[in-house]
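Below is one structure; the comments refer to it alone.
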Amino acid sequence: MPQASRIMWYVSTRGIAPRVDFEGALFSGYAPDGGLFMPEELPQLDRETLCQWSTLSYPGLVKELCALFIGSELIPKDDLNDLIDRAFSRFRHREVVHLSRLRNGLNVLELWHGVTYAFKDLSLSCTAQFLQYFLEKREKHVTVVVGTSGDTGSAAIESVQGAKNVDIIVLLPKGHCTKIQELQMTTVLKENVHVFGVEGNSDELDEPIKTVFADVAFVKKHNLMSLNSINWSRVLVQMAHHFFAYFQCTPSLDTHPLPLVEVVVPTGAAGNLAAGYIAQKIGLPIRLVVAVNRNDIIHRTVQQGDFSLSEAVKSTLASAMDIQVPYNMERVFWLLFGCDSQVTRALMEQFERTQSVNLPKELHSKLSEVVTSESVSDEAITQTMGRCWDENQYLLCPHSAVAVNYHYQQMDRQEPSTPRCCLAPASAAKFPEAVLAAGLTPETPAEIVALEHKETRCTPMRRGDNWTLILQDTIEDLSRRWRGHALNASQ
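Set out below in structure tokens:
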């Protein structure tokens, strides 16, 4: 059994930043050298450990993985278990994550039973508990700044709303999220939640955030942090999806070697893919299939070694995956390079300069050995949603349909197949527009209907306003307020 007691250290994929512990990686997001944090050593899980873990619940798996990758010197095991129980206390399903076994060997892992009906609730609710744990211990305050294309903002808000040591600022692209996504953000009227509606798309609203974070002294002075999908703690929790999928779908644990299970991962920024590849590296016998929409940079990278931006982001029905830069691929490249940070840095710096890289032959062939990929059109998304409804009376969200489309393709070829599990990142309830586009009838839960009648709060950032200045002023104001609170508390 791997030892969970010692401290786990994290290094940057670009090799220049000094190593940090889990707390350091949690609060930094990006490493100071522009890289992403990864465990310095990957533990190896033996067969016996896998068999022991196979009976655990989803929260039980999260606890084991976190204990392994955080270390009990940093968060003692009892504290860690409490934090994770608290993180999942507001989930609607008693299993937290649920596997639906449907017709024709279709297994759909529902990752969307959290407050905002999307998979990000799983990792962000844990991340927020870890943040609050360290902040209370150190008597510190952070301001979290999030730019969102839809789901991240609402999940981040829900995970920290009401927390006393955290303020959260969210910039959302006015008119570019679905109505439900926007309401999930603007109806949370807690004192520590500050939502701005930007007259621009999600790429444009990233600019003022990048500018603010580029000012290192300002970031340090105001304890700023981000919670986007590159944060290591999110990738860590997402590893549990893969373990749970494996144990739910493996035919047996008695054979030597253990049977393979194929996990189909719909993705944009490649966080769930990085998590799956790390799970595979530490001993989980899964085969990874990555499924993307028409924004197909990951698919082109796997198929041709072509890691290059396309002209522009294409709008698709699977809107949360309308992303051009799959940031977490850097973690996958680093592992494939045998943790060689010099080569990784050269590759990523070239990509940042020219937005186009042809992967070295050896790297490309390694990548295509560990990952299969597909890219799915809007037409295929709606067809898949329709077919799944016809066969099972089961509604898929468009992102889940991207994964299930791969399953149907394999089925129709009638090839003998390994057991397969498709990850479902969101509930169809969040995407009534796509459900209608598939010619189906949306089913809207009462909590979502109720959003329509709630009071909203959202500050506009209009074209012509200085967005960076508005953001800086807001941050300075929150820092002043916190210092005032802290002063009063100490008197």
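Sequential numbering of the sequence shown, starting at 8, is according to my numbering.
Positions of the beta carbon are idealized from the N, C-alpha and C atoms, including for glycine.
These numbers were taken from a predicted model, which means no experiment stands behind them.
- Let me know if Q255 comes out buried or exposed under the rule of 16 or more other beta-carbons within 10 Å of its beta-carbon. buried
(Q) Which residue marks the beginning of the beta strand (DSSP E) containing A74, and which one marks its end? (A) From DSSP, A74 is part of no beta strand (DSSP E) but of the alpha helix (DSSP H) over 65-77.
(request) Taking G22 and S315 to be in contact with their CB atoms under 8 angstroms, please state how far apart those CB atoms are, rounded to whole angstroms. (result) In fact, because the Cβ distance is near 24 angstroms, the residues do not count as touching under 8 angstroms.
query: Considering only the beta carbon of each residue, do R464 and T262 sit closer than 9 angstroms?
result: no
Original post:
With C-beta atoms as the reference, is G160 less than 9 angstroms away from V202?
Top reply: yes
task = Could you tell me if K542 is buried or exposed, where buried requires 16 or more neighbouring beta carbons within 10 angstroms of its beta carbon?
result = The structure shown has nothing for residue 542, since the chain only spans 8 to 498.
Straight-line gap, T475 to T481 (C-alpha atoms, nearest Å) = 10 angstroms
Can you check which of these residues, V152, P426, L370, F358, is closest to G36 by C-alpha distance? V152
- prompt: Exposed or buried, D484, counting other C-beta atoms within 10 Å across all chains shown (16 or more means buried)?
  reply: exposed
Requested in this report: Decide if L494 is buried, meaning its Cβ has at least 16 other Cβ atoms within 10 Å, or exposed.
Outcome: Classification for L494: exposed.
- prompt: Which word fits I305, buried or exposed, when buried means at least 16 other C-beta atoms lie within 10 angstroms of its C-beta?
  reply: buried
query = Near L354, what residues of its chain come up, given a Cβ to Cβ distance below 7 angstroms and the 5 sequence neighbours on each side ignored?
reply = F340, V364
- prompt: With 16 other CB atoms within 10 Å as the buried threshold, where does V272 fall?
  reply: buried
Q. How would you write the range of the beta strand (DSSP E) that F250 sits in, first residue to last?
A. No beta strand (DSSP E) holds F250; the alpha helix (DSSP H) holding it covers 239-256.
Distance between beta carbons of T20 and E337, contact taken as under 8 angstroms
5 angstroms
### Task
Please confirm whether L179 and E189 have their CB atoms less than 9 angstroms apart.
yes
Is the distance from the Cβ of R301 to the Cβ of D385 below 9 angstroms? Closer than 9 angstroms, so yes.
* To do: Would you tell me roughly how many angstroms separate the C-alpha atoms of I91 and T425, rounded to the nearest one?
  => Between the alpha carbons of I91 and T425 lies a distance of about 32 angstroms.
Quiz item: Could you give the residue range of the alpha helix (DSSP H) that holds L324?
Solution: Segment: none, L324 is in no alpha helix (DSSP H) and carries neither H nor E.
_Separation of G78 from P46, as counted between CA atoms_ = When rounded, the separation of the alpha-carbon atoms in P46 and G78 is 12 angstroms.
Exercise. Using the beta-carbon count (16 or more within 10 Å), is I14 buried or exposed?
Worked result: exposed
Can you give me the C-alpha to C-alpha distance between R352 and A457, rounded to a whole angstrom? 48 angstroms
Distance check for S382 and D303, CA to CA, integer angstroms please. Per the coordinates, the alpha-carbon of D303 lies some 6 angstroms from the alpha-carbon of S382.
*asked:* Using a Cβ-Cβ cutoff of less than 8 angstroms, which residues in the same chain neighbour K228 once the five nearest sequence positions on both sides are dropped?
replied: S486
**When F137, L106, G182, G41 are compared against Q357, the one with the closest alpha-carbon** = G41
Exercise. Got a sec? Which residues, its chain only, sit under 8 angstroms from Y140 by beta carbon, not counting five neighbours each side?
Worked result: Excluding sequence positions up to five before and after Y140, its CB lies within less than 8 angstroms of the CB of I82, D86, L90, all in the same chain and listed in chain order.
Am I right that F251 and Y65 are in contact with their C-beta atoms under 8 angstroms? What's the rounded C-beta distance? 5 angstroms
Practice prompt. Could you please give the first and the last residue of the uninterrupted beta strand (DSSP E) stretch that includes L52?
Written response: Segment: none, L52 is in no beta strand (DSSP E) and carries neither H nor E.
Could you tell me which of L106, T56, E440 sits nearest to H503, measuring between CA atoms?
This structure cannot settle anything about residue 503, because the visible part of the chain is limited to 8 through 498.
Less than 9 angstroms between the beta carbons of A444 and C404, yes or no? no
Quick check: what's the CA-CA separation for F1 versus V299? This structure gives no information on residue 1, because the portion of the chain shown stretches from 8 to 498.
TODO: Can you give me the Cβ contacts of Y124 inside the same chain, cut-off strictly under 7 angstroms, excluding the 5 residues immediately before and after it?
DONE: When the five nearest sequence neighbours on each side are left out, the beta carbons in the same chain lying within less than 7 angstroms of the beta carbon of Y124 are those of A433, S434, A436, K437, in order along the chain.
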